[in-house]
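To start, the structure under review is shown below, and the notes come after it.
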Amino acid sequence: MLYSDFSLEKNCTEFSGINIYNAVNDFGTPLILYSEKRIRENVKRIINAFMPYNISIHFAMKANYNPYILNLLKSLGCGIDAANQNEAMLALKLGFNNNDVVSTPNNLDREGLAFLINNGIKINYDHLGQYKLVQDLNPEFVSFRINPGIGMGEFKEITTAGENVKFGISYDEALKSYKYARDHGAKRFGIHMMTGSNVLSAKFFKESSRLFFNIAANISKKLDISFDYLDLGGGFGVPYRDNDPDFDIKATAGYILENFENFNGIFNNSDLIIEPGRYIIADSAVLISRITSIKNYGHTIIGTDASMNTLIRIPLYGAYHKIYIAGKCGDGKLISADIVGQACENTDYIARNIKIPSVNDGDIVIISNAGAYIMSMASNYNLLARPAEAIILDGNLRLIKKRESVDDMLKTFYP
Numbered sequence: 001m002l003y004s005d006f007s008l009e010k011n012c013t014e015f016s017g018i019n020i021y022n023a024v025n026d027f028g029t030p031l032i033l034y035s036e037k038r039i040r041e042n043v044k045r046i047i048n049a050f051m052p053y054n055i056s057i058h059f060a061m062k063a064n065y066n067p068y069i070l071n072l073l074k075s076l077g078c079g080i081d082a083a084n085q086n087e088a089m090l091a092l093k094l095g096f097n098n099n100d101v102v103s104t105p106n107n108l109d110r111e112g113l114a115f116l117i118n119n120g121i122k123i124n125y126d127h128l129g130q131y132k133l134v135q136d137l138n139p140e141f142v143s144f145r146i147n148p149g150i151g152m153g154e155f156k157e158i159t160t161a162g163e164n165v166k167f168g169i170s171y172d173e174a175l176k177s178y179k180y181a182r183d184h185g186a187k188r189f190g191i192h193m194m195t196g197s198n199v200l201s202a203k204f205f206k207e208s209s210r211l212f213f214n215i216a217a218n219i220s221k222k223l224d225i226s227f228d229y230l231d232l233g234g235g236f237g238v239p240y241r242d243n244d245p246d247f248d249i250k251a252t253a254g255y256i257l258e259n260f261e262n263f264n265g266i267f268n269n270s271d272l273i274i275e276p277g278r279y280i281i282a283d284s285a286v287l288i289s290r291i292t293s294i295k296n297y298g299h300t301i302i303g304t305d306a307s308m309n310t311l312i313r314i315p316l317y318g319a320y321h322k323i324y325i326a327g328k329c330g331d332g333k334l335i336s337a338d339i340v341g342q343a344c345e346n347t348d349y350i351a352r353n354i355k356i357p358s359v360n361d362g363d364i365v366i367i368s369n370a371g372a373y374i375m376s377m378a379s380n381y382n383l384l385a386r387p388a389e390a391i392i393l394d395g396n397l398r399l400i401k402k403r404e405s406v407d408d409m410l411k412t413f414y415p
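Its first residue numbered 1, the sequence shown is counted upward by one per residue in the UniProt record's numbering.
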């Protein structure tokens, strides 16, 4: 579902009060254009849903690591969920307090884990072997990632718990792992899970949080340990298709808090952490591209300057992003077409066999829900530049990432 400030009444020419053509004239294409207003609204909606409980929101940096966005989230009271030492390093460079950064790495080497420990970053270890790599550093705080036995995600590739996943440990393994850590000097503990990405079912979070809290309570009782925090991970979804349901954050928060309160006597002094990424940032942005060619050989193939190096989600997962043509949303006559990019791959599709208005070379294509897992997953395949990024604040445009040049892409090489 496209962000509501994208005004179809103005024939798909405005986003968050800014004229699309003006943004293109200023910064070119492809361009990712964010609405700061929408980011603020999304964070506020989460806070309000969990009130009066003061939930700890740790933004999943893997969704978007633009420093301007991260600084904005810091100003809104968010912490960081870091996937590794590099994401944690960026958070620290931007002034996040180390107490507001939690890292959940998997298969990190000793050097990376040691960096996190030495900088006071709490680690959710994927399994006991990861803890043993740095046991000699005597980390006082230990947390493990739990696989509660169920998982859900928009695609199997982004389902991160249940069967046939590489993440986390079972209850039985967790019990052994926490006992080992306790017996080898750990004094403080946390517990974490992450079950999947882009989940639209509030009832799934009801069941997964119930299982998680029950596992945590049993470990706490059996080992006589308490948890500084219970980290539920992320997964809060956004609708990408017209027939996708809206994600009910209020119902989800209600289910989670109801389950949490059932263990009041055990978790009285435990913080509750969530790690939303997509929910905060996805619908705050659109990807703007330009039509560069139109080919008709039995069917229409529309070429654009946005390629799989920017939109890898589509060839990687079969993901869907709704597409609009600026200035032509009201056109009644539609054609069937494929929309493709400039990469030398036959998987370089933005959309297959979709219905769109008749188009011309130079028309502007607008791709929705472009704030999450777009730039953070982008590459320079075929030496294609990653797009520029700009943000809208109070009716003004600000560039927050310049477009790459060939020199930018080659600067780390030694010819």
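The C-beta atom is built at its ideal place from N, Cα and C for all residues, glycine as well.
Spatial neighbours of residue i within its chain, please: C-beta separation below 6 Å, excluding the five flanking residues on both sides.
{"i": "Gly303", "result": "Thr292, Ser293, Val340"}
{"i": "Tyr171", "result": "Ile215"}
{"i": "Cys12", "result": "Tyr324, Ala326, Cys329"}
{"i": "Met1", "result": "Here the model assigns Met1 a pLDDT of 44, short of 50, so the residue's position is not dependable, and the following value carries that caveat. Within the same chain, Met1 has close Cβ partners Pro239."}
{"i": "Arg352", "result": "Asp338"}
{"i": "Ile273", "result": "Ser56, His58, Tyr229, Asp231"}
{"i": "Asn380", "result": "Met409"}
From this set, the options, which residue's C-alpha is nearest residue i's C-alpha?
{"i": "Ile32", "options": "Ala285, Lys187, Asn396", "result": "Ala285"}
{"i": "Met377", "options": "Asp26, Met61, Thr412, Phe50", "result": "Met61"}
{"i": "Gly28", "options": "Asn86, Ser289, Ile400", "result": "Ser289"}
{"i": "Gly277", "options": "Thr347, Asn198, Tyr324", "result": "Asn198"}
{"i": "Lys122", "options": "Ala186, Leu70, Leu94, Pro148", "result": "Ala186"}
{"i": "Tyr297", "options": "Ile400, Asp363, Ala337, Gly129", "result": "Ala337"}
{"i": "Gln135", "options": "Asp394, Arg145, Gly95, Tyr180", "result": "Tyr180"}
{"i": "Asn124", "options": "Ile80, Met194, Ser143", "result": "Ser143"}
{"i": "Asn147", "options": "His192, Asn118, Arg110", "result": "His192"}
{"i": "Ser226", "options": "Asp244, Phe189, Gly235", "result": "Phe189"}
{"i": "Ile117", "options": "Leu128, Gly254, Asn98", "result": "Asn98"}
{"i": "Phe15", "options": "Arg40, Ile366, Gly318", "result": "Ile366"}
{"i": "Ala82", "options": "Leu76, Asn164, Gly112, Asn369", "result": "Gly112"}
{"i": "Lys401", "options": "Gly237, Thr300, Thr252, Ile69", "result": "Ile69"}
{"i": "Val43", "options": "Leu137, Phe236, Pro30", "result": "Phe236"}
{"i": "Gly265", "options": "Ile249, Phe213, Gly254", "result": "Phe213"}
Give me the Cα-Cα distance between residue i and residue j, rounded to the nearest whole angstrom.
{"i": "Asn262", "j": "Asn218", "result": "13 Å"}
{"i": "Pro67", "j": "Asn84", "result": "17 Å"}
{"i": "His58", "j": "Val406", "result": "35 Å"}
{"i": "Ile335", "j": "Leu90", "result": "46 Å"}
{"i": "Ile47", "j": "Asn360", "result": "45 Å"}
{"i": "Pro415", "j": "Ala114", "result": "33 Å"}
{"i": "Asp394", "j": "Leu316", "result": "36 Å"}
{"i": "Asp348", "j": "Gln342", "result": "8 Å"}
{"i": "Ile314", "j": "Asp363", "result": "22 Å"}
{"i": "Ala390", "j": "Arg110", "result": "37 Å"}
{"i": "Ala88", "j": "Gly149", "result": "28 Å"}
{"i": "Ser220", "j": "Asp246", "result": "36 Å"}
{"i": "residue 424", "j": "Lys132", "result": "Residue numbering for the chain in the displayed model covers 1 to 415; residue 424 lies beyond these limits and cannot be assessed."}
{"i": "Ser177", "j": "Asp224", "result": "14 Å"}
{"i": "Leu200", "j": "Phe413", "result": "43 Å"}
{"i": "Ser358", "j": "Glu36", "result": "32 Å"}
{"i": "Leu399", "j": "Ala388", "result": "8 Å"}
{"i": "Ala385", "j": "Leu397", "result": "21 Å"}
{"i": "Lys322", "j": "Ser368", "result": "5 Å"}
Using C-beta distances below 7 Å, list every residue in its chain close to residue i, excluding the 5 sequence neighbours before and after it, in chain order.
{"i": "Tyr320", "result": "Tyr240, Arg241"}
{"i": "Gly371", "result": "Tyr34, Asn64, Ile281, Ala282, Asp283, Ser284, Ala285"}
{"i": "Asn19", "result": "Thr13"}
{"i": "residue 440", "result": "Any property of residue 440 remains undetermined from this structure, which presents the chain solely from 1 to 415."}
Which first and last residues belong to the alpha helix (DSSP H) in which residue i is found?
{"i": "Met61", "result": "No alpha helix (DSSP H) holds Met61; DSSP gives it neither H nor E."}
{"i": "residue 416", "result": "This structure leaves residue 416 out entirely; the chain is present only between 1 and 415."}
{"i": "Tyr240", "result": "That residue, Tyr240, is in no alpha helix (DSSP H); it is neither H nor E in DSSP."}
{"i": "Tyr125", "result": "Taken as a continuous stretch (DSSP letters only), Tyr125 belongs to no alpha helix (DSSP H), being part of the beta strand (DSSP E) at 122–125."}
{"i": "Val406", "result": "406–410"}
{"i": "Glu41", "result": "36–50"}
{"i": "Asp283", "result": "Premise fails: Asp283 is in no alpha helix (DSSP H) and is neither H nor E."}
{"i": "Asn118", "result": "110–118"}
So does residue i have its beta carbon nearer than 6 Å to some heavy atom of the ligand MG?
{"i": "Lys355", "result": "The model on display carries no ligand, and the ligand MG is accordingly not part of it."}
Where does the unbroken beta strand (DSSP E) through residue i begin, and where does it stop?
{"i": "residue 417", "result": "A query on residue 417 cannot be resolved here, the shown segment of the chain reaching from 1 to 415 and no further."}
{"i": "residue 470", "result": "Outside the modelled stretch of the chain, which goes from 1 to 415, sits residue 470, for which no answer is possible."}
Quick check: the stretch 252–262 against the stretch 199–212, are there 3 or more CB pairs under 8 Å?
Contact between the stretch 252–262 and the stretch 199–212 is present, because at least three Cβ pairs lie under 8 Å.
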